[in-house]
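Data block below; observations after.
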Amino acid sequence: MSSNIGLTSLGPVQAYLSGVARADARGGVPASVNIPTVSEATEAVQRIARVRGADGVTGLGSDYRKIALASGLNVTWRVEVMAWGTAVLRAAEPGKTP
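Going left to right, the sequence shown walks through residues 6 to 103 as the numbering used here numbers them.
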């Protein structure tokens, strides 16, 4: 959605996902089903907006953070992803039923 004309704001929506995974042999974050991605977080925001009755989300943003947790000789990564936006509803056109 590129324009806010004809839209009714239903309020802010946000999603927070986090996961923990043991580091790979080089100490990096491995590809894992336990590690959330930005696309998963933005999809979660879209789902939350639809549950609220919205047609879409405007002003979609995200933040991705990874934190190394040292525990002995092993490194564990904690990945946190947050996405947010504003749920919006398209205004009905006059003379048409929604």
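Backbone N, C-alpha and C fix where the C-beta goes; we use that ideal spot for every residue, glycine too.
{"query": "Are the beta-carbon atoms belonging to residue 69 and residue 56 less than 7 Å from one another?", "result": "no"}
{"query": "Using a 10 Å radius around the Cβ and a threshold of 16 neighbouring Cβ atoms, would you call residue 6 buried or exposed?", "result": "Per-residue confidence for residue 6 stands at a pLDDT of 47, beneath the threshold of 50, marking its modelled position as unreliable; the derived number appears in the next sentence. Exposed."}
{"query": "Mapping the DSSP letters down to three states, classify residue 40 as helix, strand or coil.", "result": "coil"}
{"query": "Do residue 84 and residue 71 have their CB atoms nearer than 7 Å?", "result": "yes"}
{"query": "Which runs of the alpha helix (DSSP H) spanning at least 4 residues fall entirely within the region 9-65, listed in chain order?", "result": "43-56"}
{"query": "Assuming residue 39 contacts residue 62 (C-beta within less than 8 Å), just tell me the rounded distance between them.", "result": "With 8 Å as the limit, residue 39 and residue 62 do not qualify as a contact, their Cβ atoms being about 26 Å apart."}
{"query": "How many angstroms separate the CA atom of residue 16 from the CA atom of residue 42?", "result": "24 Å"}
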